[in-house]
Amino acid sequence: MPMTYDEILTKIGTSQIPIEFATTPGRAFILIAQLQLALRCPGNTGESAAIALQIIEGLTNAICFHIPEARELIEQGQNPAYDVTRDYFEAEFPSKGGDRS
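This is the structure we're talking about:
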């Protein structure tokens, strides 16, 4: 008999089997950036957000083991003071900004 979605989610959520994967620093950086962006959503809180932060920390440590200089840049992704505004983007890249009004 096939498992229900609830049973599948319970099995995934309670499993302690380690899952390992390999990637490049560039791909890990992109994953970190995507997680940082997702964590900007106001409703994205709780245990899943805490786990996402742990994943960011682990990936950051893995990248910085080989490229220690990357830590400051990665941490800027969680700091709104480093957000690129539309005005900044259009000033730096005038041909890409376009008129979106």
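For the sequence shown, counting from 1, position 7 maps to 7 in this note's numbering; every step adds exactly one.
Beta carbons are placed, not taken as given, at the ideal position from N, Cα and C, and that holds for glycine.
Since the model is a prediction, treat every value here as computed from it, not as a measurement.
In this structure, the alpha-carbon of L37 lies about 13 Å from that of G43. Three or more beta-carbon pairs separated by less than 8 Å are not found between the segment 45-58 and the segment 85-92, which leaves the two stretches without contact.
By the Cβ rule, the segment 80-87 does not count as touching the segment 56-65, because fewer than three pairs are nearer than 8 Å. Here DSSP, grouped into helix, strand and coil, assigns R86 to helix. Put simply, the backbone Cα of M1 is about 12 Å away from that of E7.
Secondary structure of A70 (DSSP, three-state): helix. Secondary structure at E20: coil, using DSSP grouped into helix, strand and coil. Collapsing the DSSP output to three states places C41 in coil.
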